[in-house]
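Student: Position one of the sequence shown corresponds to residue 4 (our numbering), numbered consecutively onward.
For every residue, glycine included, the Cβ atom is placed at its ideal position computed from N, Cα and C.
All of these numbers come straight from a predicted model, not from anything done at the bench.
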Amino acid sequence: MKKILLFLFVISSISFHAQYTNPVASQMSTKFIEADEYIGTDALGYDFFTKNNTLFKFKNSEKYQYKNVSLGKISKVDIQNSLRILIFYENFNMIIALDNQLNEVEKLNLSQTDYNITASAIGTSSQNNYWIYNTLTQRLGLYNYAKESFKYITNAFTKEIKIYKATYTHFYWVDIDNQLNSCSIYGKVSNLGVLPSFDQIHLSDETVIAYQKNGQLYLYDVINKTSTPVENIQKTFKSFSYKNQNLAIFTAEGITNYKINLP
């Protein structure tokens, strides 16, 4: 009986310790780039960044670039679909679709559609659709580029979007009150709770989010509402991205990739 109790005590102690152990980052690789903004890495392992308002894509010796001076500043780059990369030029209300070598395959001028759209947020969705948030109506919709059709899937948002992230199936956004929300492709809107105060944040999914505050990087568990600092990483950086326990830190020297070992 004493042995059983001792065994249970040891197991519970290990469990308790693991629960409160901070995630540790193991450095995997470093790549040197000169960039203004690091976009991220796509599903095929290509890195994307912008420099002097030009989009670059590279992997080993392969390198491609796209620039459109006439459309001004790049507002957003969506690299979810490696075969259909999106660039959003908000000042011109224009979405450019590029192939895997960054050649233009489509120009979508939202001002010239039949739907009176002035977009402030866009992204890749499923089934030939783009997520589009129309600031004129403050509603989120789906634009089908194959059928050139558009439909709203939400009522008007009551609060301004501060930051957003699109996936194939969901559109996530943080409003001005730091509320995290999501909308499915079927129009189901969910409130996922209030996020901690942050200086930078990277939305990856609705379960774990990486954010930075006062120079410290944290992982936030959306379900349990807990923040834990990430140890053993560079403390000074321009930006970062996080997904599936993979962390990329962008500094003036380049990109450093880490694997996050969660407790």
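1) Report the residue from Lys262, Ala255, Gly257 and Glu256 whose alpha carbon sits nearest the alpha carbon of Asn249.
2) Taking contact to mean at least 3 C-beta pairs separated by less than 8 Å, is the segment 111-122 in contact with the segment 133-153?
3) Answer with buried or exposed for Ile204, where buried requires no fewer than 16 other C-beta atoms within 10 angstroms of its C-beta.
4) Applying the 10 Å Cβ sphere with the 16-neighbour rule, what's the burial state of Tyr189?
5) Just the C-alpha distance for Thr240 and Ile82, rounded to the nearest angstrom, thanks.
6) Considering only DSSP beta bridges, list what Phe243 is partnered with.
7) If Gly218 and Lys238 are in contact, beta carbons under 8 Å, what's the gap, nearest whole angstrom?
8) Who are the Cβ neighbours of Ser344 in its own chain at under 7 Å, not counting the five residues just before and after it?
9) Cα separation between Phe160 and Tyr67?
10) Distance check for Ser32 and Pro199, CA to CA, integer angstroms please.
11) Which residues in the same chain as Gly126 place their Cβ atom closer than 6 Å to its Cβ, once the five residues preceding and following it in sequence are excluded?
12) Quick check on the DSSP output: what are the complete beta strand (DSSP E) runs of length 3 or more inside the segment 123-189, in order along the chain?
13) Which word fits Phe35, buried or exposed, when buried means at least 16 other C-beta atoms lie within 10 angstroms of its C-beta?
14) Residues in its own chain within less than 6 Å of Gln104 by CB, not counting five upstream and five downstream?
15) For Glu234, which three-state DSSP category applies?
16) Could you pull out every residue in the same chain whose Cβ sits closer than 6 Å to the Cβ of Thr116, ignoring the five residues on either side in sequence?
17) How big is the Cα-Cα spacing for Asp45 and Leu139?
18) Taking Asp102 as the reference, give the member of Lys62, Asp180, Leu86 and Asp50 with the closest Cα.
19) Under the three-state reduction of DSSP, which class applies to Ser114: helix, strand or coil?
Tutor: Once the coordinates are examined:
1) Lys262
2) yes
3) buried
4) exposed
5) A small fix is needed here, since residue 240 is Phe in this sequence, not Thr. In a straight line, the C-alpha of Phe240 is about 22 Å away from that of Ile82.
6) Ile252
7) 6 Å
8) Look at the range of the chain in this structure, 4 to 266, and you will see that residue 344 is not part of it.
9) 38 Å
10) 30 Å
11) Asp81, Trp134 and Ala169
12) 132-137, 142-147, 152-155, 164-169, 173-178 and 182-187
13) exposed
14) Tyr67
15) strand
16) none
17) 32 Å
18) Leu86
19) helix
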